[in-house]
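First the structure, in the form of C-alpha cells, and then the observations on it.
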Ligand code: PHE
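Numbering (the numbering used here), first residue to last: 798 to 1266.
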C-alpha cells in the first residue's frame, strides 16, 4: 500500500520543490518541502530542539545528580545518538517513505510492528508534551499581558494541573492540529527561523547574566564537576540515554521521515553531527542558565518540591530579579520556547498522521484531526496529574524510544542490503573507515548496550506506571 500510494489529496498546499521523476511522493511531512540543505537541517533541528532541551534536560540533570548525568548525556548523544540518527537517515533516504512504509520496504513485512511502535511513541509523547507546551504558552501570554509572576513557585502550582492546564493544553493541541492539517506553510518555518536564533541569543545572554550573580558557584559545581563513582551508575546511564534519544527526536521515526525528503546530495554523517551538536549546545547552555540561578536565588527548595517545574519556577525568579527589562526578556523567552515546542510537536503529530494516512488511506485532514483529538484526550490525564505526566515521560523516553532504537539498529545493522553505501554518499574517502566503525557500533555495541539499559528501565518504568493506580 505504501509503495504505490496515491499522491497527496488535492487540497495539499505544497509540493516538494525538489520532486524529481523518481521522487515517490511521500504522504508525510508537508513541512519538508525544501530541497535545500539548510531546509533539512533547520527542520531536523526544529524537531530536536524543544522542551527536551529547555525543560527536560535541566530537570533530568537535577534529578540525575548533576554533572555525572551531563557527562553521560554527551557521551550517549555521540556514541549512541548519532549512530541511531544515521540509521534512521539511511532508511528514510533510501526508501523515501514515511515510517511504516519505509520500515516495511527496508526490512519486509515483519518490521511493520516497529512502525506501529513509533506511532504509539509519538502519540504518548505528544499527549504530555502538549501539556508542558501549554504551560509555556501561558507563561508567554501572561508575561506579555501582565508581567512576571511575583511568586513563581505558587504560580506554577496554580497553573500546572487542573482546568488552567487543560485549557492551554487544548489550545496548544489545536494549534498543532491546525498546522499539520493544512500543511506547514511558510508561517511556522519563518517563525522558527526568527525565533530559534532569538532563543539562542537569549539563552546565551541569560547564561552570562547568571554568571554575574553572587552565590552562583554552587550551581556550577553541581552542574559541571562530576564525581567518578556516579558515572558508573546504571540508573544515571539509563536516564542519560533516554534524554539523548528524546532530545534528538530518535527512536520513533521522526528523523526517518525528515530524511525521506532529502536529496541524495547531502553527507548524512555531516548532517547528523551538525544536528546533534546544535541540540547539545542549546541544552548545555540552558543548564548554564538554570543551575547558577537556582544556587544564587536560593530556589533549591522550590525545585525539589517539583522537579518537573524547574524551568517554570527558576526562570521567572530570574526575570523578576532583573527589574523592568525582565518582563521583556520573559516575554521573548517563553515565546521562543513556545515556538521551539511547536516545531517539535508538529514533528510528533506528523509521524502519527503520516502513518495513519499510509495505513488506512484516509485524507490528511481526517488523519490529523482524528489523531490529534485522540492525543488531546489522552493528554487530559497528565494535565490533571503531575505524577502521570512524569510517569508517561519516563516510560516514553526510557522504554519506548530505546526499544525503537534497538530494533532500528538491528534492522539497519543486520538486515539492510547496503547501509554503508547509502550513508557513504558524498562522504570523502578518508572518512570511510568511520563508516565501517559505525556499522559495527550499530550491529554490536548499540544492541548490547540498549539491552542492558532496558533491563533496568523496563521494571523501573513499570513501577512508575503501577504507582499511579
Ligand atoms: N526532541 C524534542 C525535544 O527535545 C522532542 C521530540 C521527541 C520530538 C521525539 C520528536 C520526537 O523537545
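By construction, the Cβ of each residue, glycine as well, lies at the ideal position given by its N, Cα and C atoms. Source: prediction; values computed, not measured.
In this structure residue 850 is buried. Its beta-carbon is surrounded by 16 or more other beta-carbon atoms within 10 angstroms. Secondary structure note for residue 1140: its alpha helix (DSSP H) is the uninterrupted segment 1122-1157. In this structure, the straight-line span from the alpha carbon of residue 889 to that of residue 1204 is close to 15 Å. Take residue 863, set aside five residues on each side of it, and the residues of its chain with a beta-carbon closer than 7 Å to its own are 1019, 1020, in chain order. Cβ contact annotation for residue 874 (same chain, cutoff 8 Å, sequence separation greater than five): 1041, 1044, 1045, 1073, 1076, 1077, in chain order. In this structure, the ligand PHE has no non-hydrogen atom nearer than 7 Å to the beta-carbon of residue 1189. With a threshold of 7 Å, the Cβ atom of residue 922 counts as near the ligand PHE, since some heavy atom of the ligand is closer than that. Straight across, the Cα-Cα distance linking residue 857 with residue 997 is about 21 Å. Given a length threshold of 4 residues, each whole run of the alpha helix (DSSP H) inside the region 908-972 is given here in chain order: 909-943, 949-956. For residue 874, no alpha helix (DSSP H) run applies, since DSSP gives it neither H nor E.
Residue 1055 carries a helical assignment under DSSP once its states are collapsed to helix, strand and coil. Between residue 1034 and residue 1188, the alpha-carbon positions lie close to 18 Å from each other. Relative to the ligand PHE, the beta carbon of residue 1085 is positioned no closer than 7 Å to any heavy atom. Nearest to residue 1068 by alpha-carbon distance, out of 1221, 1025, 944, is 1221. Under the DSSP assignment, residue 1050 falls outside any alpha helix (DSSP H); it carries neither an H nor an E label. Remark: C-beta atoms of residue 932 and residue 950 do not approach each other more closely than 8 Å.
Within 10 angstroms of the beta-carbon of residue 1155 lie 16 or more other beta-carbons, which makes it buried. Within the same chain, Cβ atoms closer than 7 Å to the Cβ of residue 969 are found at 927, 930, 931, 934, the five residues on either side in sequence being excluded.
The C-alpha of residue 1101 is placed about 43 Å away from the C-alpha of residue 908. In this structure, residue 1146 sits near residue 1165, with a CB-CB distance shorter than 8 Å. Boundaries of the alpha helix (DSSP H) harbouring residue 1186: 1183-1192, taken from the DSSP string. The residue among 900, 877, 876 with its C-alpha nearest the C-alpha of residue 887 is 900. Put simply, of 962, 995, 1264, 1233 the residue whose alpha carbon is nearest the alpha carbon of residue 880 is 1233. In chain order, 1007, 1008, 1010, 1013, 1016, 1017 place their CB closer than 7 Å to the CB of residue 1089, counting only its own chain and leaving out the 5 sequence neighbours on each side.
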